[in-house]
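Residue numbers (the working numbering): -4 to 703.
Even for Gly, the Cβ is constructed at its ideal location relative to N, Cα and C.
Since the structure is predicted, the reported quantities are computational estimates derived from the model, not experimental observations.
Right, one structure below, let's go through it.
Below, the structure written as structure tokens:
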């Protein structure tokens, strides 16, 4: 059965199930009576017993919460964790600390949105996010939304979204210290502390890390097919990095209002190695970012009808590129880039339970600026790019309609988005395409959506849900696409936003009894994307962005998690067909580059009171790395196997102490000392995600983690 016929069957079955619930519950539907809000169970691989608050705002979505406490004593990274999730594709330009991007359900990296506690992280310059620039060790969990994003998150999401959740401050005093090291002169140390002082929850985090990443790789010297006899095993050069980060978090309560503040500071200095056959030696980058957020959450207003959330945030980043030997470009190879983001959101929620509804509204305003100067290898400024601005306002309304004792939930919604771009060109008026054109560009679009959740079974041991979503999304062009890059990319202010019509549907099965806990999710997704923006050659040395392609993406995701006594089994599989539907005959029907047909990730682990042992496997199917699917750019499938072992060296229950807010004493948790070993790529596979950028072969890491 084809995916199209399967999708037709799903749409045919939904009305039948709806009529079934009507016939079984219509007599029990009486006059409305006031009742307490009941949390909605959703799909999510999380160890926490509490459903994430954001999941309750998106009950019909296919979403996952990754509890990062399971990695508290291991040497891992955000890309390593995310690549094991169904529907998630990670592309790396190297090993630890390298440029890495994320895409969801076959879309491009710049079509997905990334947030930190709801604060948007995508910038308007390039659109996509480098995962290496994001925090990880100071996070509590990572939320992956494959069906758009819940109310409270801004921006259209053609692909999906990821929210990084910071650790909650406060509680009894707890401190964790990690010391780690491993292959390629890698070392890392971190300290995290949280406690409540004078009724104010406090958390502190500091980290330092370095690595040479000079791993061996197969260098074809640019002659993959012509002359494989000249291949050599070389060492990666100029891939080293150093980073340091810190986060401060505070929270407290004033009456019914909870207030939370956090500030995250991240500094990275790393080399930019270049392609495998053309490695660089001295090109490097220095990156400094500081992000602050202040949120409030007030519940129980107007007799419990209204919950009011607010958020204000600001982010500053300085990005400096140095090319002292002009290995990337000549003339003015050095650059200094400054980006600023500010915004404010207000999210009221009306609990109209007498009318079986929860009405959510989100209103936001954001502003972003980008400016850059270029200089010679001796840091003499020769070129200044005028500052670019983007103002963004959004209004989103979504209704959650609960019927038949919450067995049927409907979530219709709509969002209005308005953008104002301002870019003053430094070109003389007589060189401009339109000398009288305004420097302002306005863009607006409307994104409707609707969701459906049917609870077939919902009791203490069993749960069986059917879900479905349909939405229209848009992506506004980035500054790079609209205004170009001096000397390499020509501007095109006539670009249209990318458009997508998204549909997904599937089922979630849960079972829990005694020593067995199991959850299975199966979903079908469909994307129809139009006006895709690509960079096409305009001359021998320049590119020009154009709306030239369209695509159809169909796929199935299967996610299974089982815990039985001391055993844990995790299985995530993604099947997708991403086909180019461009009008160009040489492209129509071709597979979109870097989209494998099959992806599989699995983990088998066994845990006792004294140790834990686990095996992780990742399978990525074959891909083409170019639009025309040439054999020279064919990447075979690969299997990567990892192994980890954690030994408990010391463990005891901590003494009960005061939590700082009352005389009653509380337990501060477990005091422990853990030793962990991580062995990756046991088969020593020599592969690459991006043409010319190899990934590490076999490597190892060890971590000593203590909590007191």
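Simplified DSSP assignment, three categories, for residue 51: Here residue 51 corresponds to residue number 56 of the chain shown, with the count starting at 1. If DSSP states are grouped into helix, strand and coil, residue 51 belongs with the helices.
Whole-Å CB distance - residue 477 paired with residue 490, under 8 Å assumed: As a working note, residue 477 is residue 482 in the chain shown. As a working note, residue 490 is residue 495 in the chain shown. The Cβ separation is near 6 Å, so the contact holds.
Three-state secondary structure assigned by DSSP to residue 66: The residue you call residue 66 lines up with position 71 of the chain shown. Here residue 66 sits in helix by DSSP.
Endpoints, alpha helix (DSSP H) assigned at residue 76: Reading the chain shown from its first residue, position 81 is the one you call residue 76. If you look at residue 76, you'll find it in the alpha helix (DSSP H) that goes 73 to 77.
Neighbour-count burial assignment, residue 100, 16 or more Cβ in a 10 Å radius: Stepping through the chain shown from its first residue, residue 100 is reached at position 105. A residue is called buried once 16 or more other Cβ atoms fall within 10 Å of its Cβ, and residue 100 is buried on that count.
Beta-carbon proximity check, residue 170 vs residue 188, cutoff 8 Å: As a working mapping, residue 170 is identified with position 175 in the chain shown. As a working mapping, residue 188 is identified with position 193 in the chain shown. Going by C-beta atoms, residue 170 is nearer than 8 Å to residue 188.
Residue 320 classed as buried or exposed, judged by whether at least 16 other C-beta atoms fall within 10 angstroms: Along the chain shown, read from residue 1 onward, the residue named residue 320 stands at position 325. Exposed, since its Cβ has fewer than 16 Cβ neighbours within 10 Å.
Meets three-Cβ-pair contact criterion under 8 Å: the segment 358 to 369 and the segment 334 to 349: Three or more Cβ pairs closer than 8 Å define a contact, and the segment 358 to 369 meets that threshold against the segment 334 to 349.
Spatial distance of residue 29 from residue 458 (CA atoms): Working through the chain shown from its first residue, we reach residue 29 at position 34. Working through the chain shown from its first residue, we reach residue 458 at position 463. Only weak support is given to the placement of residue 29: the predicted model assigns it a pLDDT of 37, under 50, and the question is left unresolved by the model.
8 Å contact criterion, which residue 151 and residue 470 should meet: CB distance rounded: In the chain shown, counting from the first residue as 1, residue 151 sits at position 156. In the chain shown, counting from the first residue as 1, residue 470 sits at position 475. Residue 151 to residue 470, Cβ: 6 Å. Contact.
Buried or exposed by the 16-neighbour rule on C-beta atoms within 10 Å, applied to residue 373: Working through the chain shown from its first residue, we reach residue 373 at position 378. So residue 373 counts as exposed.
Classification of residue 594 by the beta-carbon crowding that lies within 10 angstroms, buried from 16 upward: In the chain shown, residue 594 corresponds to position 599, counting from 1. It is buried - the Cβ of residue 594 has at least 16 other Cβ atoms within 10 Å.
Whole beta strand (DSSP E) elements within the segment 482 to 555, 3-residue minimum: Taken in chain order, the complete beta strand (DSSP E) segments of 3 residues or longer contained in the segment 482 to 555 are 493 to 508 and 511 to 532.
For residue 476, the three-state DSSP class (helix, strand or coil): Indexing the chain shown from 1 puts residue 476 at position 481. DSSP places residue 476 within a helical segment (H, G or I) once states are collapsed to three.
Buried versus exposed, by CB contacts within 10 Å (16 or more), residue 468: Position 473 of the chain shown, counting from 1, holds the residue named residue 468. The residue is buried, with at least 16 neighbouring Cβ atoms inside 10 Å.
Proximity winner among 140, 104 and 87, relative to residue 81 (alpha-carbon distances): Reading the chain shown from its first residue, position 86 is the one you call residue 81. Nearest Cα to residue 81 within the set 140, 104 and 87: 140.
C-alpha distance - residue 506 paired with residue 480, whole-angstrom precision: Position 511 of the chain shown holds residue 506. Position 485 of the chain shown holds residue 480. So the two alpha carbons sit approximately 54 Å from each other.
Residues that residue 573 bridges to, as DSSP identifies them: Here the question's residue 573 lines up with position 578 in the chain shown. DSSP output for residue 573 lists 548 as bridge partner(s).
Selection from 494, 537 and 465 that minimises the alpha carbon distance to residue 543: Residue mapping note: residue 543 aligns to position 548 of the chain shown, counting from 1. The residue among 494, 537 and 465 with its C-alpha nearest the C-alpha of residue 543 is 494.
Outcome for residue 698 when other beta-carbon atoms lying within 10 angstroms are tallied against a minimum of 16: Looking up residue 698 in the chain shown gives position 703. Counting every other CB atom within 10 Å of its CB across the protein chains shown gives residue 698 a total of 16 or more, marking it as buried.
Bridge partners - residue 115, DSSP secondary structure assignment: Taking the chain shown and counting its residues from 1, the one referred to as residue 115 is at position 120. According to DSSP, which records beta bridges pairwise, residue 115 is partnered with 110.
Own chain residues within Cβ distance below 6 Å of residue 564, not counting five before or after: Locating residue 564 in the chain shown gives position 569, counting from the first residue. Closer than 6 Å at Cβ, skipping near neighbours: 557 and 599.
Residue range of the unbroken beta strand (DSSP E) whose run includes residue 714: The chain is shown only over -4 to 703; residue 714 falls outside these bounds and no answer can be derived.
Residue from 609, 571, 545 and 605 whose Cα sits closest to the Cα of residue 580: Position 585 of the chain shown, counted from the first residue, corresponds to residue 580. When 609, 571, 545 and 605 are compared, the shortest CA-CA separation from residue 580 is found for 545.
Exposure of residue 694, with buried meaning 16 or more beta-carbon neighbours within 10 Å: Within the chain shown, the letter at position 699 stands for residue 694. Its Cβ being crowded by 16 or more others within 10 Å, residue 694 is buried.
Inter-residue Cα distance where the pair is residue 213 and residue 385: The sequence position of residue 213 within the chain shown is 218, counting from 1. The sequence position of residue 385 within the chain shown is 390, counting from 1. Across the structure, residue 213 and residue 385 are spaced so that their CA atoms are roughly 44 Å apart.
CA-to-CA distance, residue 123 to residue 129, given in whole angstroms: Residue 129 sits at position 134 when you count from the first residue of the chain shown. Residue 123 sits at position 128 when you count from the first residue of the chain shown. Roughly 12 Å between the two C-alpha positions.
Stretch pair the segment 345 to 357 + the segment 381 to 395: three plus CB contacts closer than 8 Å: Taking 8 Å as the limit for Cβ pairs, the verdict is that the segment 381 to 395 does touch the segment 345 to 357.
Rounded C-alpha distance that separates residue 72 from residue 260: Stepping through the chain shown from its first residue, residue 72 is reached at position 77. Stepping through the chain shown from its first residue, residue 260 is reached at position 265. So the two alpha carbons sit approximately 18 Å from each other.
DSSP beta-bridge partners of residue 688: Taking the first residue of the chain shown as position 1, residue 688 is located at position 693. Residue 688 is bridged to 685.
Residue 169 beta carbon near the ligand PLP (any heavy atom closer than 7 Å): The ligand PLP is not part of the structure shown, which contains no ligands of any sort.
Close Cβ partners of residue 158 (< 6 Å) along its chain, the five nearest in sequence each way excluded: Along the chain shown, one-based indexing puts residue 158 at 163. Answer for residue 158: 110 and 138, listed in chain order.
Residue 372 in three-state terms, based on DSSP: The sequence position of residue 372 within the chain shown is 377, counting from 1. Residue state, collapsed to three classes: coil.
Sub-8 Å separation of residue 688 and residue 270 beta-carbons: Reading the chain shown from its first residue, position 693 is the one you call residue 688. Reading the chain shown from its first residue, position 275 is the one you call residue 270. Taking C-beta atoms as the reference points, residue 688 and residue 270 count as a pair closer than 8 Å.
Coarse secondary structure for residue 445, derived from DSSP in three states: Within the chain shown, the letter at position 450 stands for residue 445. In this structure, residue 445 counts as strand in the three-state DSSP scheme.
Beta-carbon gap between residue 437 and residue 488 smaller than 8 Å: Your numbering for residue 437 matches position 442 in the chain shown. Your numbering for residue 488 matches position 493 in the chain shown. No, Cβ-Cβ distance for residue 437 and residue 488 is not below 8 Å.
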